[in-house]
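Presented below is the structure to which this report refers.
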Amino acid sequence: MNDDYKIPQHVAIILDGNGRWAKSKHMPRNYGHKVGADNLERVIEDAWDLGIKYLTVYAFSTENWKRSVEEVTGIMTILRDFLKKSIDKAEKNNMRVRVIGERSRLDKDIIEAMNRLEEATKDNTGIQFNVAINYGGRDEITRAVRKIADEVKAGAISSEDITEEYISSKLDTAGIPDPDLLIRTSGEIRISNFLPWQISYSEFYFCDTLWPDFDKEALRKAIDYYNVRDRRFGGV
Ligand code: FPP
Numbered sequence: 000m001n002d003d004y005k006i007p008q009h010v011a012i013i014l015d016g017n018g019r020w021a022k023s024k025h026m027p028r029n030y031g032h033k034v035g036a037d038n039l040e041r042v043i044e045d046a047w048d049l050g051i052k053y054l055t056v057y058a059f060s061t062e063n064w065k066r067s068v069e070e071v072t073g074i075m076t077i078l079r080d081f082l083k084k085s086i087d088k089a090e091k092n093n094m095r096v097r098v099i100g101e102r103s104r105l106d107k108d109i110i111e112a113m114n115r116l117e118e119a120t121k122d123n124t125g126i127q128f129n130v131a132i133n134y135g136g137r138d139e140i141t142r143a144v145r146k147i148a149d150e151v152k153a154g155a156i157s158s159e160d161i162t163e164e165y166i167s168s169k170l171d172t173a174g175i176p177d178p179d180l181l182i183r184t185s186g187e188i189r190i191s192n193f194l195p196w197q198i199s200y201s202e203f204y205f206c207d208t209l210w211p212d213f214d215k216e217a218l219r220k221a222i223d224y225y226n227v228r229d230r231r232f233g234g235v
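Its first residue numbered 0, the sequence shown is counted upward by one per residue in numbering that gives the first Met the number 0.
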């Protein structure tokens with residue numbers, strides 16, 4: 000590896016293509032999600048091996064409720080299982096987990112599992128894994144604006160106190176640095192309401208690989224791409 004090779008501190012991924020992957024194997028969509036979740040566990044480890052400090056993934060959007068009841072139930076079962084396994088995993092590999100998104104619509108046991116996982120891992124110093132569940136970027140910003148409006152109304156802050164940093168501190172991602180690199184798998188070139196505030200200066204990488212096939216080599220290629228970009232943040 001050359002000395003100038005840069006590892007992005009924070010990588011965000013839109014996991015896409017589970018359904019098409021399953022279809023190509025003549026299997027039901029939920030089989031694709033199961034294999035996708037297993038792949039996610041491997042990719043978290045690969046990310047840490049490569050030196051990535053924060054990994055944020057889009058696992059379930061506010062729009063995903065529109066899918067069939069069977070598919071939504073299947074994804075929720077996979078999520079339960081994933082949260083349960085993550086407690087042991089996090090203890091072994093020192094991973095810290097944060098969940099972003101609006102929780103109240105989720106089943107009570109899932110909310111409890113999320114709270115437990117966050118609490119149990121909050122002092123871990125390995126990779127920070129952020130999982131977006133019932134997440135929508137506009138919803139996140141709307142919730143933050145409401146909190147800030149309440150503070151202004153209560154006289155706790157004045158409108159001049161509302162800076163970009165202050166808004167960031169009211170988002171679900173408060174305290175997490177913005178992503179350096181955003182990856183979307185499976186050939187779609189869209190952001191789909193994922194972290195719209197946070198990716199203002201991120202590099203974007205789109206690849207055709209379907210999520211269940213996205214491996215360490217694929218992650219490495221995305222980082223190679225990041226390395227040939229020249230990040231100027233609007234400067235010259
Ligand atoms: C995208 O593929 C996948 C989803 C919307 C669901 C993602 C769920 C998982 C990866 C399992 C997640 C793990 C957790 C932690 C819940 P798609 O269904 O949009 O694929 P398609 O575009 O090929 O139909």
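Each residue gets a CB set at the ideal place from its N, CA and C atoms; glycine is no exception.
Q: Could you check if T184 is buried or exposed, using at least 16 other CB atoms within 10 Å of its CB as the buried criterion?
A: Residue burial is scored here from C-beta neighbours: T184 has at least 16 other C-beta atoms within 10 angstroms and is therefore classed as buried.
Q | Contact set for A119: own chain, Cβ-Cβ below 8 Å, skip 5 residues either direction | A | I86, A89, E90.
**Q.** D80 versus D48 - alpha carbon distance
**A.** Going by C-alpha positions, D80 is about 24 Å away from D48.
Q | 7 Å Cβ cutoff met for N133 and G154 | A | Against a cut-off of 7 Å, the Cβ pair of G154 and N133 comes out as no contact.
Q) Do the segment 16–32 and the segment 96–115 make contact, defined as three or more Cβ pairs closer than 8 Å? A) No contact exists between the segment 16–32 and the segment 96–115.
Q: Throw me the rounded Cβ distance for the P178 and H9 pair, which I believe falls under 8 Å.
A: Indeed, because the Cβ distance is near 5 Å, the residues count as touching under 8 Å.
Q. Do you know how far the Cα of P176 is from the Cα of D2?
A. If you take the alpha carbons of D2 and P176, they lie about 24 Å apart.
Q) According to the Cβ coordinates, are R95 and N129 closer than 7 Å? A) Cβ atoms of R95 and N129: not closer than 7 Å.
Q) How is the beta strand (DSSP E) around F128 delimited, first residue to last? A) From DSSP, the beta strand (DSSP E) with F128 extends over 127–134.
Q.
Quick check on Y200: buried or exposed, where buried means 16 or more other Cβ atoms within 10 Å of its Cβ?
A. Burial call: exposed.
Q.
Rounded to the nearest angstrom, what separates Y225 and V34 at their Cα positions?
A. Distance between the alpha carbons of Y225 and V34 is about 27 Å.
Q: Give the secondary structure of S60 by DSSP, where H, G and I count as helix, E and B as strand, and everything else as coil.
A: The three-state secondary structure of S60, taken from DSSP, is strand.
Q | Residue burial classification, V56 (beta-carbon count within 10 angstroms, cutoff 16) | A | With 16 or more other Cβ atoms within 10 Å, it is buried.
(Q) Does the distance between the C-beta of I43 and the nearest non-hydrogen atom of ligand 1 fall short of 6 Å? (A) A distance criterion of 6 Å places the beta-carbon of I43 beyond contact range of ligand 1, judged by its closest non-hydrogen atom.
**Q.** Three-state secondary structure assigned by DSSP to A21
**A.** It is helical.
Q: Pick out the complete beta strand (DSSP E) segments inside the segment 74–150, 3 residues or longer, and give them in chain order.
A: Within the segment 74–150, the complete beta strand (DSSP E) runs of at least 3 residues are 95–99, 127–134.
Q: Verify the contact flag: G16, CB atom, against every heavy atom of ligand 1, threshold strictly below 6 Å.
A: G16 Cβ: within cutoff of ligand 1.
**Q.** Sheet register partners of Y53 (DSSP bridge)
**A.** DSSP, once it has assigned bridges, lists H9, Q127 as partnering Y53.
Q.
Could you tell me the alpha carbon to alpha carbon distance between W196 and I140, rounded to whole angstroms?
A. Counting only the Cα atoms, I140 lies some 8 Å from W196.
(Q) Would D45 and L218 qualify as a contact pair, given that the criterion is a beta-carbon distance under 7 Å? (A) Annotated as proximal: D45 and L218, with beta-carbon spacing under 7 Å.
Q. So is the beta-carbon of N63 under 6 Å away from any non-hydrogen atom of ligand 1?
A. Yes, Cβ of N63 sits closer than 6 Å to a heavy atom of ligand 1.
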